[in-house]
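Number of protein chains: 2
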Amino acid sequence: MLDPDRHLEIGSLLFEGIDQIDLTGPFEVLSRIPNATYRIYARDTAPVRDLRGLRLTADAALAEAPPLDVLHVPGGYGQEALMEDAVILDWVRRQAAGALCVFSVCTGALICGAAGLLKGRRATTHWNSHHLLHHFGAIPVDARVVEDGALVTAAGVTAGIDGALTVAARLRGDEAAQLIQLTMAYAPEPPFDAGTPDRAPPAVLERARAAAADITARRTETARRIQGRLDL
Amino acid sequence: MLDPDRHLEIGSLLFEGIDQIDLTGPFEVLSRIPNATYRIYARDTAPVRDLRGLRLTADAALAEAPPLDVLHVPGGYGQEALMEDAVILDWVRRQAAGALCVFSVCTGALICGAAGLLKGRRATTHWNSHHLLHHFGAIPVDARVVEDGALVTAAGVTAGIDGALTVAARLRGDEAAQLIQLTMAYAPEPPFDAGTPDRAPPAVLERARAAAADITARRTETARRIQGRLDL
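So the sequences go chain by chain: A and B.
When you line the first sequence up against the UniProt record's numbering, it's residues 1 to 232, in that order.
When you line the second sequence up against the UniProt record's numbering, it's residues 1 to 232, in that order.
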């Protein structure tokens with residue numbers, strides 16, 4: 001927990017094809033952290049679409065961001081287009097270098113990996129991309145939220161809510177995080193126990209894998225290509 | 001479960017001052033329901049701000065909505081401004097009349113109440129507004145998701161994710177809902193057990209109540225005023 005009088009700059013990266021709840025889940029938490037400025041940054045402030053069509057707009061362009069204390073990197077199918085994008089990767093790398101906390105959600109971890117931030121670090125990502133972590137030099141951990149120094153990685157999609165509460169507690173203490181949790185009534189009761197590959201019915205897992213087969217193949221190819229360039 | 005060949009029209013209501021995750025939590029589920037068109041409707045298609053500043057844009061204006069099979073009504077502090085808004089309430093009432101399912105999240109239940117949709121129905125809402133349900137003729141139920149015929153009400157904020165999965169299962173069966181749950185890796189692990197008034201530390205509950213005291217007072221006054229006009 002930090003000096004509560006220290007003002008924090010918190011920023012999320014927004015991009016076309018994001019999985020919106022990778023951003024909006026943590027938004028609910030990050031936007032309530034006391035004594036902090038929270039803004040969403042994107043290449044520019046034109047509206048973008050999430051992978052299912054939700055229209056979201058950034059608060060400011062990347063270049064307008066101050067040095068961030070917390071850098072939040074969401075994922076989604078659109079992550080793939082950023083994996084070799086020098087502007088995005090340079091921004092992520094530069095912001096991460098000075099941040100107290102780099103917080104990835106879902107395949108946002110792959111963006112961090114492409115920026116070289118996962119080398120030798122314990123990390124997690126969406127179950128469907130977990131096998132790709134080693135290409136970026138990460139030590140893959142099968143957990144919902146993984147902390148390794150300044151790096152906090154959350155697993156797939158909705159794990160970002162759990163990860164953001166963990167980040168809030170690191171920054172402002174348990175009670176501040178609990179206050180946010182109570183406000184957002186986060187006492188989940190999923191109607192089914194099917195949220196992980198080992199708990200979902202096998203037929204459901206097979207369908208989920210099949211639906212993501214194309215993007216997984218592309219991500220694998222990209223991860224291998226990037227691995228060849230990273231100094232691991 | 002319906003005929004899987006029956007195409008569904010699903011719509012969410014967006015408004016200024018919404019609590020964004022009341023919409024974006026269910027979005028993650030509703031946008032993945034098979035054989036359905038899912039769109040977000042608002043007074044117009046100008047960007048709005050959620051209560052913490054997130055910029056969201058509707059897909060279409062209210063008047064452009066077809067008859068909806070599923071009407072999703074989110075909440076948030078901005079709900080208060082809609083409670084006596086004839087355009088919104090007429091739209092909600094008209095859409096609800098023909099819908100297979102009316103699904104409220106958080107204080108979206110109060111909007112439904114103001115539209116007369118809660119009379120004699122079992123319902124829930126955010127813990128901080130739960131005591132207001134009776135003003136709308138509802139039978140208050142202390143549960144995360146409450147089903148009463150075509151009406152599905154979810155409790156506060158993040159309960160919308162649980163509620164939306166329940167709605168998905170009603171419409172397309174358990175396996176379709178489980179596939180969505182697995183895709184969004186919804187196997188929550190909150191780092192604290194503080195998501196309900198009875199589980200949060202007393203000091204945290206007191207702070208949460210104090211932070212919402214103003215809006216709660218306004219909501220109470222409005223609910224009483226509306227109660228006098230509803231034919232209960």
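Glycine is no exception: its CB is placed at the ideal position from the N, C-alpha and C atoms.
Chain B partners of residue i, CB-CB under 9 Å?
| i | result |
| --- | --- |
| A:M184 | D19, I21, G156, V157, T158 and G195 |
| A:P47 | P47, R55 and T57 |
What is the DSSP secondary structure of residue i, counted as helix, strand or coil?
| i | result |
| --- | --- |
| A:A86 | helix |
| B:R55 | strand |
| B:G11 | strand |
| B:F27 | helix |
| A:V48 | strand |
| B:D3 | coil |
| B:P202 | helix |
| B:A189 | Looking at the sequence provided, one finds Glu at residue 189 of chain B rather than Ala. Three-state DSSP puts B:E189 in coil, outside helix and strand. |
| A:H126 | coil |
| A:L100 | coil |
| B:I180 | helix |
| A:V105 | strand |
| A:T37 | strand |
| B:I21 | helix |
| B:E64 | helix |
| A:E147 | strand |
| B:L71 | strand |
| A:A42 | strand |
| A:T153 | strand |
Keeping to the same chain, check which residues put their C-beta closer than 8 Å to that of residue i; ignore five residues upstream and five downstream.
| i | result |
| --- | --- |
| A:D142 | T124 and H130 |
| B:A200 | A194 and A208 |
| B:P34 | P4, R172 and A176 |
| A:G11 | Y38, R39, I40, Y41, A65, L68, V70, L71, H72 and Q95 |
| B:L54 | Q20 |
| A:V87 | R43 and L62 |
So residue i packs on residue j, CB below 8 Å; how close in whole Å?
| i | j | result |
| --- | --- | --- |
| B:Y38 | B:L30 | 5 Å |
| A:V157 | B:M184 | 4 Å |
| A:Y186 | B:G75 | No, A:Y186 and B:G75 are not in contact; Cβ-Cβ is about 15 Å, not under 8 Å. |
| B:L205 | A:L182 | 7 Å |
| B:G160 | B:G25 | 4 Å |
| B:A61 | B:V92 | Contact flag wrong, Cβ pair sits at about 15 Å. |
| B:V102 | B:A150 | 6 Å |
| B:L2 | B:L171 | 6 Å |
Would residue i and residue j be called neighbours here (beta carbons separated by less than 8 Å)?
| i | j | result |
| --- | --- | --- |
| B:L13 | B:H72 | yes |
| A:E9 | A:P47 | no |
| A:R122 | A:V146 | yes |
| A:A155 | B:L179 | no |
| A:D69 | B:P191 | no |
| A:I21 | B:E28 | yes |
| B:G137 | B:L56 | no |
| B:N128 | B:A212 | yes |
In chain order, what residues of the same chain have a beta carbon less than 7 Å from the beta carbon of residue i, not counting five sequence neighbours either side?
| i | result |
| --- | --- |
| B:A177 | L165, A168 and A169 |
| A:Q79 | T107, G108, L110 and I111 |
| B:A58 | L14, I40, Y41, A42 and T45 |
| B:H134 | P140 |
| B:A99 | L68, D69, V70, L71 and A150 |
| B:L89 | A114 and A115 |
Using a C-beta to C-beta distance shorter than 8 Å, which residues of chain A count as neighbours of residue i?
| i | result |
| --- | --- |
| B:A169 | P191 and F192 |
| B:L13 | In chain order: nothing, as chain A lies at least about 15 Å away. |
| B:L165 | P190, P191 and F192 |
| B:H126 | A185 |
| B:P74 | Those do not exist, as B:P74 stays about 12 Å from chain A at its closest Cβ, beyond 8 Å. |
| B:P201 | E175 and Q178 |
| B:E16 | The contacting residues do not exist; B:E16 stays about 14 Å from chain A at best. |
Report the neighbours of residue i on chain A: residues whose CB is nearer than 7 Å to its CB, in chain order.
| i | result |
| --- | --- |
| B:L179 | V204, R207 and A208 |
| B:F103 | Going along chain A, no residue has its Cβ under 7 Å from B:F103, so there is no contact; the nearest lies around 13 Å. |
| B:D148 | Result: empty, since nearest Cβ-Cβ is about 16 Å, beyond 7 Å. |
| B:D162 | P188, E189, P190 and P191 |
Name the chain A residues whose beta carbon is nearer than 9 Å to that of residue i?
| i | result |
| --- | --- |
| B:S129 | Within 9 Å Cβ-Cβ: nothing; B:S129 doesn't reach chain A, min ~11 Å. |
| B:R144 | A185, A187, P188 and E189 |
Enumerate in chain order the residues of its own chain whose CB-to-CB distance from residue i is below 6 Å, with the five nearest sequence positions on each side excluded.
| i | result |
| --- | --- |
| B:D85 | none |
| A:I215 | Y77 |
| B:D148 | R121 and R122 |
| B:R144 | A155, A159 and D162 |
| B:R225 | none |
| A:Q95 | L68 and L71 |
| B:T153 | S104, A109, A123, T124 and V146 |
Determine the chain B residues that contact residue i at a beta-carbon separation under 8 Å, and present them in chain order.
| i | result |
| --- | --- |
| A:S31 | R52, G53 and L54 |
| A:D174 | F192 |
| A:T107 | Those within 8 Å of A:T107 in chain B number zero; the least Cβ separation is about 11 Å. |
| A:E64 | Those within 8 Å of A:E64 in chain B number zero; the least Cβ separation is about 15 Å. |
Residue i versus chain B: which residues are under 7 Å apart at the beta carbon?
| i | result |
| --- | --- |
| A:D214 | Result: empty, since nearest Cβ-Cβ is about 14 Å, beyond 7 Å. |
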